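See structure below.
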Amino acid sequence: WGKVNIPLSEASFQKNKARAQAFLNSQPRLFVQDLYAGHDPRYQIKVRVITTRPYHALFMRNMLICPKPEQLATFGEPDYTIYNAGECWADPSVEGVTSKTSIAINFKTREQVILGSQYAGEMKKGILTIMFYLMPKQGHLCMHASANEGKTGDVSVFFGLSGTGKTTLSADPHRALIGDDEHVWTDKGVFNLEGGCYAKAIGLNPKTEYDIWNAVRFGAVAENCVLKPGSRELDFYDESISKNTRVAYPLYYIDNAKEVAVSGHPKNIIFLTNDAFGVMPPVSKLTRGAAMFWFVTGYTANVAGVEAGSGNDPKPTFSPCFGGPFLVLHPTFYGKQLAEKMEQHNTNVWLVNTGYAGGAYGKGGKRMPLKITRALLDLIHDGSLDKAEYEEFPGWGLLIPKAVNHPNVPNDILNPKKTWKDQKAYYANLNKLAKMFQANFDEKFAAKADDAMRAAVPKVISPSSL
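Residues 36 to 501, numbered by the numbering used here, are exactly what the sequence shown covers, in order.
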């Protein structure tokens, strides 16, 4: 389905594999890691990573689960093998290979071949794609999401694309971290696929993100980061290479992370979005139909530095199920899975905007303060936000609280209209974004949508009609 993942013939895959193996065999030294994916032993798979770069080997050693010595002694043959020959270009003359970069997965032979890309995340996301294929076959929902657990065992799952705060917000000092990126919701609850975290590092500050800042120590991997002259300490404010700086570290580097990253069924599901247009509320409660719409839509807005080629003006990104590139089946399949599980376990669903207020990005808008977002999450977790009085956000069907009782949350910020000085510009931006949602929905989902999902599509509104 879609335009991101494309089919590749068996013959072409074997040519890619032969090219990768020839390159790997020509190297003076290889780095091989035998690892596990999945904390639930019922669904754990064995993964062998073969690469030419120690950086890639350490990255995956951090990101997956390291076997104990006795497990390694009886590891045997892997369930899946990753041939990372990213330093070798792909051959565009091979049928189905459209450039010098090719990332291919063969579900029959249980292999991944990487050519022409040295981005370490290709391996990590390859495993996620594999689980998006395997888990639905057993009736379970694979999720590109983070998760944490309260002291009473209540679980929250955070869906979100790059730059929305998925890793930052799941690392909550008052809650146990289950994981920051890849999970599966089974018949017994949720489990983390990974053994590590992959966090954004730009502007990392111990005052606001101590847990992540403290995890950047010996054994962690830093990407696109610059060292300070003299001290050779990481400069988290230097964006001369890229604003998209990253750190990868083992899960146990977070003090309150669960050692065995398995928990119960989610009480709250939180969709995170970085709305750079500045028109969406900081928190909304979603009906079932609205939840399905926002899940299959997977909205955020890219700004400079978050993704390659994002430029200076905000651009909407619609990534189905908050993980479009990793989906093997059509998004509506996963959407139905989520709907069934939410209904079965009476899960609340929230839309949290970590983006801009008071204006658009670059046009007077300011990023939502982290202390406000964390305060709203605290109100979700203690159940008080569920009891608040709500009003409908006109044209969008979102339910926004009229007021909350928290010293860090000014009530005026709950309705984005009240944060804009230029009301004409506000409605222009609101309707501009609504049209983008409509176009995306009509192109991808209208044919398969039910009435409840159709009703959740944002509508263009006239200020005079309010």
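Yeah, the Cβ is synthetic: ideal placement off N, Cα and C, and Gly gets one too.
The structure displayed is predicted, hence computed values, not measured ones.
- By the Cβ rule, the segment 219 to 227 counts as touching the segment 174 to 191, because three or more pairs are nearer than 8 Å.
- Comparing C-alpha distances from Y287 to each of I276, N303, K263, V251 shows the shortest one belongs to V251.
- Membership of R281 in the beta strand (DSSP E) is indicated by the continuous run 281 to 285.
- With a cut-off of 8 Å on Cβ pairs, the segment 39 to 53 is not in contact with the segment 374 to 383, counting fewer than three such pairs.
- The beta-carbon distance between I496 and P451, rounded to whole angstroms, is 13 Å. This is too long to meet the 8 Å contact definition.
- Rounded to the nearest angstrom, the Cβ distance from L449 to V314 is 14 Å, too far for a contact under 8 Å.
- Classified as exposed, V39 has fewer than 16 neighbouring CB atoms from the shown chains inside 10 Å of its CB.
- If you draw a straight line from the Cα of N383 to the Cα of I407, it comes to about 20 Å.
- Residue pairing by DSSP puts E217 in a beta bridge opposite H179.
- Every unbroken stretch of the beta strand (DSSP E) spanning 3 or more residues and falling wholly within the segment 340 to 396 is given here in chain order: 350 to 353, 383 to 388.
- Within the segment 183 to 271, complete alpha helix (DSSP H) segments of at least 4 residues are found at 201 to 205, 245 to 250, given in chain order.
- In this structure, G214 sits away from M98, with a CB-CB distance that is not shorter than 8 Å.
- Beta-bridge partners assigned by DSSP to Y118: I85, V148.
- As computed with DSSP, V297 is found in a beta bridge with F226.
- Fewer than three beta-carbon pairs drawn from the segment 397 to 404 and the segment 74 to 93 are found closer than 8 Å, and the two stretches are therefore not classed as touching.
- In this structure, Y462 lies near P498, with their beta-carbon atoms less than 8 Å apart.
- Taking each of E184, A296, A395 in turn and checking the Cα distance to L228, the smallest one comes out for A296.
- Contact check for N279 against N309 fails: the beta carbons are separated by 8 Å or more.
- Put simply, the backbone Cα of E217 is about 33 Å away from that of G394.
- Within the model, the alpha-carbon separation for E146 versus Y115 is close to 5 Å.
- With a threshold of 16 other beta carbon atoms within 10 Å, A57 falls short and is exposed.
- As a beta-bridge residue in DSSP terms, A139 pairs with V148.
- In this structure E244 is buried. Its beta-carbon is surrounded by 16 or more other beta-carbon atoms within 10 angstroms.
- Straight-line spacing of the CA atoms in A234 and K479 works out to 31 Å.
- Under the three-state reduction of DSSP output, V338 falls in the coil class, being neither helix nor strand.
- Only residues of its own chain outside the window of five on either side were considered, and among them D69, K81, P102 have a CB closer than 7 Å to the CB of F110, listed in chain order.
- Judged by their CB atoms, K302 and S191 are nearer to each other than the 8 Å cut-off.
- Note on L412: 16 or more other CB atoms within 10 angstroms of its CB, so buried under the neighbour-count rule.
- When rounded, the separation of the alpha-carbon atoms in L93 and G156 is 12 Å.
- Burial check for H300: the Cβ neighbour count within 10 Å reaches 16 or more, so the residue is buried.
- Taking a contact as a CB-CB distance under 8 Å, the pair F167 and L362 counts as one, their CB atoms being some 6 Å apart.
- Taking every protein chain shown into account, the CB of R409 has 16 or more other CB atoms within 10 angstroms, so this residue is buried.
- Residue pairing for R64: DSSP places it in no beta bridge.
- If you ignore the 5 residues before and after A336, its C-beta comes within less than 7 Å of the C-beta of N309, D310, A311, F312, P349, K350, P351, T352, G390, all in its own chain and listed in chain order.
- The bridge partners DSSP lists for D69 are R83.
- For V331, the uninterrupted alpha helix (DSSP H) run begins and ends at 323 to 332, by DSSP.
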